[in-house]
Amino acid sequence: LMDGDHDIDTCYEATTETLREVYYELGTHRVALEGTLLKPNMVLSGKDASNRASAEQVAEMTVNCFLNTVPAAVPGVVFLSGGQSDDEATVNLDAINRYAASCGVPWELSFSYGRGLQAAPLKAWNGVAANIPAAQAAYYHRAKVTSAARRGEYTAEMEEAAD
Numbered sequence: 089l090m091d092g093d094h095d096i097d098t099c100y101e102a103t104t105e106t107l108r109e110v111y112y113e114l115g116t117h118r119v120a121l122e123g124t125l126l127k128p129n130m131v132l133s134g135k136d137a138s139n140r141a142s143a144e145q146v147a148e149m150t151v152n153c154f155l156n157t158v159p160a161a162v163p164g165v166v167f168l169s170g171g172q173s174d175d176e177a178t179v180n181l182d183a184i185n186r187y188a189a190s191c192g193v194p195w196e197l198s199f200s201y202g203r204g205l206q207a208a209p210l211k212a213w214n215g216v217a218a219n220i221p222a223a224q225a226a227y228y229h230r231a232k233v234t235s236a237a238r239r240g241e242y243t244a245e246m247e248e249a250a251d
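The numbering of the sequence shown is this note's numbering, which starts it at 89 and goes up by one.
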């Protein structure tokens with residue numbers, strides 16, 4: 089839900105409605121939620137919004153949305169990076185995990201990023217074999233900082249350490 093100029097409240101409403109319907113239908117079909125993972129978007133404003141939400145707002149709105157819609161039987165939530173830059177996805181995941189820890193959420197919160205892990209390595213590689221070590225280093229770095237964000241332990245200084 090990154091495309092567009094919508095505010096975070098619009099994303100919250102759309103995500104809430106979607107998740108309510110998803111879990112209603114899963115209940116109708118008697119799906120054992122204990123055997124599922126949710127792979128959702130984060131609740132955030134569109135990339136063209138004039139009032140982009142802060143990481144703290146993203147965290148609060150995302151966690152509150154899920155507390156209102158995702159059953160406790162679901163063991164985990166693995167976020168998509170959903171068009172965010174790798175840095176933004178990491179910062180938001182960290183904020184979500186920090187906020188979730190203060191709320192005592194019933195699920196594990198992690199990541200299932202494509203672009204959020206691969207953009208920097210692909211840029212470093214640029215199709216040139218000689219750049220493979222730099223691409224590997226970039227991938228290792230993104231995995232390391234995203235893993236820290238999953239634990240709510242990410243800091244901006246971790247990015248500077250890679251430079």
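Cβ coordinates follow ideal geometry from the N, Cα and C atoms, glycine included.
The structure displayed is predicted, hence computed values, not measured ones.
For this session: Figure out for me which residue from 164, 242, 188, 168 has the closest Cα to the Cα of residue 145.
Result: 188
Exercise. Tell me the DSSP bridge mates of residue 126?
Worked result: 165
Exercise. Does DSSP put residue 181 in a helix, a strand or coil?
Worked result: helix
For this session: Return helix, strand or coil for residue 173, following the three-state DSSP convention.
Result: coil
Exercise. When you compare only the Cα positions, how much space is there between residue 156 and residue 138?
Worked result: 27 angstroms
For this session: Say whether the region 162-173 touches the region 215-222, bearing in mind that this needs 3 or more beta-carbon pairs closer than 8 angstroms, one atom from each stretch.
Result: no
Exercise. Just the Cα atoms here: how many angstroms apart are residue 230 and residue 237?
Worked result: 10 angstroms
Exercise. Residue range of the beta strand (DSSP E) that residue 142 falls in?
Worked result: First-last for residue 142: undefined, no H or E at that position.
Exercise. Is DSSP giving residue 133 helix, strand or coil here?
Worked result: coil
For this session: Return the chain-ordered list of same chain residues with a C-beta closer than 7 angstroms to the C-beta of residue 127, the five sequence neighbours on each side being excluded.
Result: 166, 168, 200
For this session: With distances taken Cα to Cα, identify the nearest neighbour of residue 222 among 234, 207, 186.
Result: 207
Exercise. If you follow the beta strand (DSSP E) that residue 200 is part of, which residue opens it and which one closes it?
Worked result: Segment: none, residue 200 is in no beta strand (DSSP E) and carries neither H nor E.
Exercise. What is the rounded straight-line gap between the Cα of residue 247 and the Cα of residue 195?
Worked result: 28 angstroms
Exercise. Terminal residues of the continuous alpha helix (DSSP H) containing residue 228?
Worked result: 220-238
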